[in-house]
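First to last, the protein sequences are chains A and B.
Numbering of the first sequence is given in our numbering, commencing with residue 1 and proceeding in unit increments.
Numbering of the second sequence is given in our numbering, commencing with residue 1001 and proceeding in unit increments.
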Amino acid sequence: MTKDSTANATATSTPDAVAANRPLLKVEDLHLYFGTSFGQVRAVEGVSFELAPGRSLAIIGESGCGKTSLTRGILRLLPQNVSKFTGRVYLNGLDVMQLSDEQFRKQIRWINMSLVPQAALNSLNPVVKVGQQVIEPLLIHDQATKEEAMERAKEVFRIVGIPEAFLDRYPFELSGGMRQRAIIAMALVANPVLIVLDEPTSALDVLTQANIMNALKKIKQDLQLTYILITHDIAISSELADEVLCMYAGQVVEHSSAYRFYREPLHPYAQKLMASVPSLREEKQPDFITGQPPSLFNPPKGCRFAERCHKRFERCDEEPPLFAVGEDLVRCWLYERS
Amino acid sequence: MQSVKQLVEEQPQAAEKQEEYLLQVSNLRTWFELKRFGLFHAGYVKALDGVSFNLKYGDTITVVGESGSGKTTLLRTILGLAQSTGGEMIFAGKKIDKRKDLSWLHRQVGFVQQDPYGALPPFMTIRQILREPMIINGVPKEEQERRVREVLEEVRLLPVDDFLNKYPHMLSGGQQQRVVIARAIVLNPKLIVADEPVSMLDASMRVEILELMRKIQEDHGMSVIYITHDLSSVRYFSEYVFIMYAAKLVEKTDVESVVKNPLHPYTQVLLNAIPDPDPDNVHRFKEVPPGEPPSLINPPTGCRFHPRCHRFIEGLCDVEEPPAFEPRPGHFVECWLYK
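Okay, here's the thing in structure tokens:
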């Protein structure tokens, strides 16, 4: 993976000197299946990637491609009906999959990795004051007394750009943008190293969206955080992404740098996806992808995108591995020799 | 019993002399009353405050605005689902003011809802859903079946027989939205109003649905009012764009001028905030005006955008409400800068 100066600038919690170049998050061969009365849904199949500290990774793909399941798997926020959950997840070199649920909750979740959930507007408890909700993670993890926690809450409110007085308000008294900021404050309060942003701006207006993106960029610069951003809005993803992980039907089809992905993506699916983005400023006719993604109950053999692919050839009946193209990875037979 | 064709053609005088405009709206107001305590009166939410525009036959208008700007109320008022409290609406030469006119109006207008899954009754098959409007409007039975097949072909749900007996939950989001569109056109309306028809769909599918709607509109010469908060898709879909801010249409013009030469300061910041996929975005901060859209109960005096405007003229913008100026032919803007 790409190593740049930001990776060195970030202090990792281990005294290890080699830590500087070590990925903050390393996922190896993660599988996540759900059992339903119709059979097994293979939501995530063999996903591996590395993420260096201080970088941000955008995970994009159509709905149902497994992007949310993947991050839920990493954070272990799983529903009851999981039928298979295997693979390895390393955070700062620690294999968190070995931890019990209770250990994971105590040591990792919210302390080291936190989440800004999808539909954040509905994620606040309507009958509890915002301030009380923001300090909750600190109190639960016994990191601070109530007074200290309130001080910390004021600090994070300043960071995300909400007046301190709003700590005493109820969620309904806040506008959509303010509520979103409060949720981000909640994710920041315990000082995590990694934040997962699941469609952080999908329900917001254009101007509010731009505001929140500005805030997230500033927070990342100031606090040297690592982001994982999940979205299906490609234009928005480019606001935060250093690298892009493109998923299709539970698999990674392309993992490349933002410069590669937004300028000349490798995988035919990624190319089509980029072509489908309507542009306000350029004269181009947007394209669309015909057909539908395959069922995850019984995914097709061979390349999963072959059905809809405009560059299909004989090789595609066989499942392609990830090929390296420069520093980037792509799951497509077209790149076999390069 | 009448056929679909007769239903549509049967309309008062208007058909005789060719009108230029399908819909003329002038100074339309929709105020919702707040709770009243005995004699004490709490005020109004002015969701639509003095909106005027004309829509020609076969044209498409897009109304763009943030949530709470009143765009959905505009649409509901046009459909007669919200009672207007002032102003005038003329549809195909006929003034709409009585309840009786509404049932006539509903036959001429198709509605495409935002959330396809919520808009389709879960316990009805696609055939039943599409027949419902025809049953209500007394289309003969034989024709119903024929028309159902016709519209399904038109929205490209092929082969038709695979879909007729399915229930909405068996379809994907894109297919559901096609059914909603099919239902909107089943009575062959003159006007289609679409409330964010693609906001619930995946990006890869949005363009496909918009192109489908565009094609249907061109094939049948329908007019469309399309409501969205997504300016970037507007370009592929419509001729005219109206920008809505705090219950008013602040800028009305064609698509090219709004993209290349936006006049109202609000339109300018709105365009500026829309991202294009570009890896350099990571290093740039966007310029966004401070504050949030005003409350519609107590909107600011004068121009409603003035508290957030960077070109605000003291003593004018905060005192007097700007009328619509026309700095270039066909380009209307409610801003004192263009006096």
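Think of the CB as a built atom: it goes at the ideal place given N, C-alpha and C, for glycine as much as any other residue.
Predicted model, so just to flag it, every value in this text is computed and none were measured.
One alpha carbon belongs to G1038 (chain B), the other to G1050 (chain B), and they sit about 29 Å apart. In chain B, no part has a C-beta under 7 Å from the C-beta of F313 (chain A); the shortest such distance is about 22 Å. The beta-carbon separation of R181 (chain A) and A215 (chain A), rounded to 7 Å, stays under the 8 Å limit for a contact. Taking a Cβ-Cβ threshold of 7 Å, the residues of chain A close to N1281 (chain B) are S238 and E239, in chain order. Using a CB distance cut-off of 9 Å, R263 (chain A) counts as an interface residue toward chain B. Annotation: the stretch 1263-1301 of chain B contains the following complete segments of the alpha helix (DSSP H) (minimum length 4 residues), in chain order: 1265-1273. Within chain A, not a single residue places a beta-carbon under 7 Å from that of R1214 (chain B); the smallest gap is close to 12 Å. A distance of 9 Å or more separates the beta carbons of D1254 (chain B) and H1306 (chain B). At least 9 Å separates the CB of Q133 (chain A) from every CB of chain B. When beta bridges are read from the DSSP output, M247 (chain A) appears opposite A:V252. Under a 10 Å Cβ-count criterion, R337 (chain A) is classified as exposed, with fewer than 16 other Cβ atoms of the shown protein chains found around its own Cβ. Within its own chain, the residues whose Cβ lies closer than 6 Å to the Cβ of M1200 (chain B), once the five positions on either side in sequence are excluded, are D1115, listed in chain order. Nearest C-alpha to A1119 (chain B) among B:N1261, B:V1180 and B:S1223: B:V1180. For G1038 (chain B), the closest Cβ of chain A is not nearer than 9 Å. Looking at the backbone, the Cα of R1178 (chain B) and that of F261 (chain A) are separated by about 31 Å. No residue range can be given for H1229 (chain B), since it is assigned to no alpha helix (DSSP H) and is classified by DSSP as neither H nor E. The stretch 1080-1144 of chain B is shown to contain whole alpha helix (DSSP H) runs of 4 or more residues at 1099-1108, 1116-1119 and 1126-1136, in chain order. Interface residue (Cβ-Cβ distance to chain A less than 9 Å): K1286 (chain B) is classified as such. Secondary structure of K67 (chain A) (DSSP, three-state): helix.
With respect to chain B, the C-beta atom of V89 (chain A) has no partner C-beta closer than 9 Å. Looking at the DSSP output, S114 (chain A) shares a beta bridge with A:I195. The C-beta of N92 (chain A) has 16 or more other C-beta atoms within 10 Å across all chains shown, which makes the residue buried.
The stretch 1021-1030 of chain B and the stretch 1071-1089 of chain B touch, with three or more beta-carbon pairs separated by less than 8 Å. In its chain, beyond the 5 residues on either side, G1174, Q1177, P1197, V1198 and L1201 have a beta carbon closer than 7 Å to the beta carbon of I1209 (chain B). Contact note: D205 (chain A) reaches chain B through E1066, S1067 and H1229, using a C-beta cutoff of 8 Å and chain order. Between S123 (chain A) and L229 (chain A), the C-beta gap is not smaller than 9 Å, which leaves the two residues out of contact.
For G39 (chain A), the uninterrupted beta strand (DSSP E) segment begins and ends at G39 to L51.
When A:M113, A:N81, A:D101 and A:F313 are compared, the shortest CA-CA separation from A190 (chain A) is found for A:M113.
A187 (chain A) and L139 (chain A) do not touch by the CB rule: their CB atoms are close to 16 Å apart, not below 8 Å. Under the Cβ distance rule, N122 (chain A) does not count among the residues neighbouring chain B, no pair being separated by less than 9 Å.
By the neighbour-count criterion, in which a residue is buried when 16 or more other Cβ atoms sit within 10 angstroms of its Cβ, Q133 (chain A) is buried. Taking 8 Å as the upper bound for CB-CB distance, L225 (chain A) and I195 (chain A) are in contact here, some 6 Å apart.
Along the stretch 1174-1196 of chain B, the positions whose C-beta sits under 8 Å from a C-beta of chain A are G1174, read in chain order. The stretch 270-281 of chain A makes no contact with the stretch 77-96 of chain A; the number of CB pairs closer than 8 Å stays below 3. Of the residues assessed, M247 (chain A) falls on the buried side of the cut-off, its CB having 16 or more other CB atoms within 10 angstroms. For the 9 Å CB-CB criterion, V41 (chain A) and F34 (chain A) form a contact.
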